[in-house]
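A.B. asks: If you want the working numbering, it's the 1-based position in the sequence shown plus 5.
One structure, as structure tokens, below. Some questions next.
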Amino acid sequence: MEQKTIIITGVSKGIGLETVKKFISKDWSVIGLGRNNPEINHPYFKFIPCEISKYASVQQAVASALEYSKGNVDVLLNNAGFGTFGSITDLPIEKWEGMFQVNVHGLMYVTREVVPAMKKNQSGHIINISSIAGLNGIVNGSGYAATKHAVKGISHSLYAELRTDGIKVTAVYPGSVKTNFFDEVEGITANDNMLEPKDVAEAIWYLANTSPNFLPVDFEIRPLNPNTKK
Ligand SMILES: NC(=O)c1ccc[n+]([C@@H]2O[C@H](COP(=O)([O-])OP(=O)(O)OC[C@H]3O[C@@H](n4cnc5c(N)ncnc54)[C@H](OP(=O)(O)O)[C@@H]3O)[C@@H](O)[C@H]2O)c1
6 MEQKTIIITG VSKGIGLETV KKFISKDWSV IGLGRNNPEI NHPYFKFIPC EISKYASVQQ
66 AVASALEYSK GNVDVLLNNA GFGTFGSITD LPIEKWEGMF QVNVHGLMYV TREVVPAMKK
126 NQSGHIINIS SIAGLNGIVN GSGYAATKHA VKGISHSLYA ELRTDGIKVT AVYPGSVKTN
186 FFDEVEGITA NDNMLEPKDV AEAIWYLANT SPNFLPVDFE IRPLNPNTKK
């Protein structure tokens with residue numbers, strides 16, 4: 006059987022890094038795009054430097070990825086993203102814009118560059134990491150929630166747009182995950198009540214292996230008990 010390929014954005018840590026490890030362990034070829042190389046020394050892992058928020062960087066990186074994979078991309082995982090929080094009057098404008106630049110525009114840049122190869126193959130699966138902040142509002146999180154609602158809107162539009170080309174699009178909405186994401190979030194520390202990034206990697210593995218005519222549109226995952234146990 007031909008080796009399958011996944012492109013993952015944001016692979017230096019957290020959900021992206023765990024997903025790299027999961028897919029390598031299942032003998033997939035994994036291409037990681039991001040600013041920092043996780044230094045995984047494995048024949049199935051290829052790192053390509055990429056600043057997701059810059060279209061020229063994405064164009065160059067995806068071209069290299071497609072050359073490396075000979076145009077085959079079974080799954081694109083749009084994972085790179087971050088959140089900065091603050092009230093509507095306090096959050097600096099450049100923080101708001103920075104989140105949109107990575108979480109929304111960057112996701113669109115990568116998708117736009119990968120879709121032609123998937124269309125050519127008439128197959129593929131785009132998995133976009135949104136958040137429960139893509140389903141609900143968050144106090145002091147209007148900017149982050151806006152970006153993650155945008156991911157939902159992009160995903161819902163694209164699943165309808167691309168299904169006739171044999172391409173699946175899924176949005177994943179994780180609750181809190183124990184990663185470095187919270188390093189930048191005042192008042193919340195990553196803790197053991199959160200989902201483990203490995204759990205999210207398992208969910209992505211499940212999605213990537215659904216049968217051909219099965220299209221999961223929305224996939225919401227939460228910790229069973231988000232609060233400290235009694
Ligand atoms: N943790 C949670 O509770 C949670 C919940 C729901 C959704 N999410 C979403 O899950 C995704 C992954 O987050 P995480 O929790 O794994 O956080 P993380 O540990 O902070 O990892 C974020 C990843 O995104 C990459 N990234 C950020 N900005 C980038 C840029 N401009 N160009 C390229 N790569 C960039 C980072 O790489 P470098 O900084 O090394 O470049 C890093 O690998 C994000 O989209 C986040 O919004 C997280």
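Each residue gets a CB set at the ideal place from its N, CA and C atoms; glycine is no exception.
At the level of alpha carbons, what is the spacing between G67 and N214?
C.D. replies: Sequence check: residue 67 is Val here, not Gly. About 23 Å.
A.B. asks: Would you kindly check if the distance between the Cβ of I13 and the Cβ of G21 is under 7 Å?
C.D. replies: Their beta carbons are under 7 Å apart, which means G21 touches I13 by this criterion.
A.B. asks: In the DSSP assignment, what are the bridge partners of A138?
C.D. replies: Looking at the DSSP assignment, A138 forms no beta bridge with any residue, so it has no partner.
A.B. asks: Alpha carbon to alpha carbon, how far is T89 from K173?
C.D. replies: Cα-Cα distance, rounded: 30 Å.
A.B. asks: Rounding to the nearest angstrom, what Cα-Cα distance links K51 and F219 in this structure?
C.D. replies: If I take the Cα positions, the gap works out to 29 Å.
A.B. asks: So is V144 buried or exposed if we call it buried at 16+ other beta carbons inside 10 Å?
C.D. replies: With fewer than 16 Cβ atoms within 10 Å of its Cβ, V144 is classed as exposed.
A.B. asks: Heavy atom of ligand 1 less than 6 Å from the Cβ of G142, yes or no?
C.D. replies: G142: no, Cβ never under 6 Å from ligand 1.
A.B. asks: Assuming contact is defined by CB atoms lying nearer than 7 Å, are P221 and L212 in contact in what I supplied?
C.D. replies: Closer than 7 Å, so yes.
A.B. asks: For ligand 2, is there any heavy atom lying closer than 6 Å to the beta carbon of R40?
C.D. replies: Within the structure as shown, ligand 2 is missing, the only ligands being ligand 1.
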